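Using my numbering, the first residue of the sequence shown is number 5, and each one after it goes up by one. Written out below as structure tokens is the structure these notes cover.
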Amino acid sequence: MILQSIASNLRKQNWSVLFVELIVVIVGLVLAFQADRWWEERGERAQERAYIERLITEVKEDLELVSHARKLAEVRKGFGDLLLEVADDPAAAGQQPAMFLAAIAQAAFTYSPSLTSHTFEELRSTGGMGLINDSEIKRSLYAYYGFHHAQQQYVQLNLMIEMRYFELAANVLDAVQYRWVQNNWFVVRAKDLDEVRATTPDLAGFDATLQRFMADEALRAWIPRTRGIQVEQILMNGIRLSRAEDLLAQLDAYAAKLDGN
């Protein structure tokens, strides 16, 4: 209708009415464009908020995984300390026999959890990073996941040290002792330590096990390296925890800002 009216007034050269109608059309187009843009921005902000919430959830998962990894490394460093103590004073093994057996079996275990990066990878691969309006948040995300990626180069080195330890220690425990450790504590965690210390295993064959340990000079020489892995894991997981806590604080603050709090 409005276009027909404009055409009619144009033919009649009714300039004043034509001018008003053109203004109405222009204003209508501008308002329609602004409305579309408002809805688009609103949708983008909703997407951004959803992505931030997913990132918060994943960083919280990282905190749990890395904290667990650090505690395991502390347990295994303790195993290394015990084995070094026994190497200097064999009588120390008899004071904590279950701990000694568990230490032989698990001193070189390592756990290097992968971060939960599904949302970050999705944002990066789909171009969705542009939805995040805070440049500092984006820099922190790249730094956080970049640091984790850089640390992966050391996983194979740690694995080589771990495998060498198990080659050297393969014949120290007998089959019954290995099964006993596995059946009771497949993986010794921090919460298990008091129980392990208080447990007295079947001591049949214990003296022979201790003798095999003391006779294996190559194994005893390798223990500082396995202990070094755990020291490094404690240090690096501490750094990862600090980075995760800082990023989580940033994400929480930004989420509150988006919510208008």
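Don't be surprised by glycine CBs; every beta carbon is placed ideally from N, CA and C. Predicted, not measured: the structure shown is a model, and the values here were computed from it.
Continuous alpha helix (DSSP H) stretch holding Asn162: start and end: Reading the sequence shown from its first residue, position 158 is the one you call residue 162. Per DSSP, Asn162 belongs to the alpha helix (DSSP H) from 159-173.
For the alpha helix (DSSP H) containing Ala194, list its first residue and its last residue. Taking the sequence shown and counting its residues from 1, the one referred to as residue 194 is at position 190. Premise fails: Ala194 is in no alpha helix (DSSP H) and is neither H nor E.
Taking the alpha-carbon of Asp206 as reference, which of Lys64, Leu87, Leu105 has the nearest alpha-carbon? By one-based count along the sequence shown, residue 206 stands at place 202. Nearest C-alpha to Asp206: Leu105.
Helix, strand or coil for Pro4? Go by DSSP, reduced to three states. The first residue shown for the chain is 5 and the last is 265, placing residue 4 beyond what the model contains.
Could you tell me if His122 is buried or exposed, where buried requires 16 or more neighbouring beta carbons within 10 angstroms of its beta carbon? Here residue 122 refers to the residue found at position 118 of the sequence shown. His122 should be labelled exposed.
Whose CA, out of Lys75, His152, Ala253, lies closest to the CA of Ala194? Taking the first residue of the sequence shown as 1, we reach residue 194 at position 190. Measuring from the Cα of Ala194, the nearest candidate turns out to be Lys75.
What separation, rounded to the nearest whole angstrom, lies between the Cα atoms of His153 and Pro117? Start at 1 with the first residue of the sequence shown, and residue 153 comes out as number 149. Start at 1 with the first residue of the sequence shown, and residue 117 comes out as number 113. The straight-line gap from Cα to Cα measures roughly 12 Å.
Per-residue DSSP class, three states only, for Pro117: On the sequence shown, residue 117 is found 113 positions in, with the first residue counted as 1. Here Pro117 sits in coil by DSSP.
Quick one: what's got a C-beta closer than 6 Å to Leu119's C-beta in the same chain, skipping five residues either side? The residue labelled residue 119 in the question sits at position 115 within the sequence shown. Closer than 6 Å at the Cβ level, and outside the excluded window around Leu119, lie Asp66, His152.
Between the segment 167-174 and the segment 78-92, are three or more C-beta pairs nearer than 8 Å? Short answer: they don't touch.
Assign Gln160 to buried or exposed, taking buried as 16 or more other Cβ atoms, counted over all protein chains shown, within 10 Å of its Cβ. For the purposes of this step, residue 160 is taken as residue 156 along the sequence shown, with counting starting at 1. Only exposed fits Gln160, as fewer than 16 other CB atoms lie within 10 angstroms of its CB.
C-alpha gap between Ala225 and Ala219, whole angstroms: Numbered from 1 along the sequence shown, position 221 holds the residue referred to as residue 225. Numbered from 1 along the sequence shown, position 215 holds the residue referred to as residue 219. Answer to the nearest angstrom: the Cα atoms are 11 Å apart.
Integer-rounded CB distance, given that Ile227 should sit under 8 Å from Leu127: Position 123 of the sequence shown, counting from 1, holds the residue named residue 127. Position 223 of the sequence shown, counting from 1, holds the residue named residue 227. For a cut-off of 8 Å, the C-beta gap from Leu127 to Ile227 is around 44 Å, too long to register as a contact.
Nearest CA to the CA of Asp138: which residue from Ile56, Ser71, Leu223? The residue you call residue 138 lines up with position 134 of the sequence shown. Comparing Cα positions, the closest option is Ile56.
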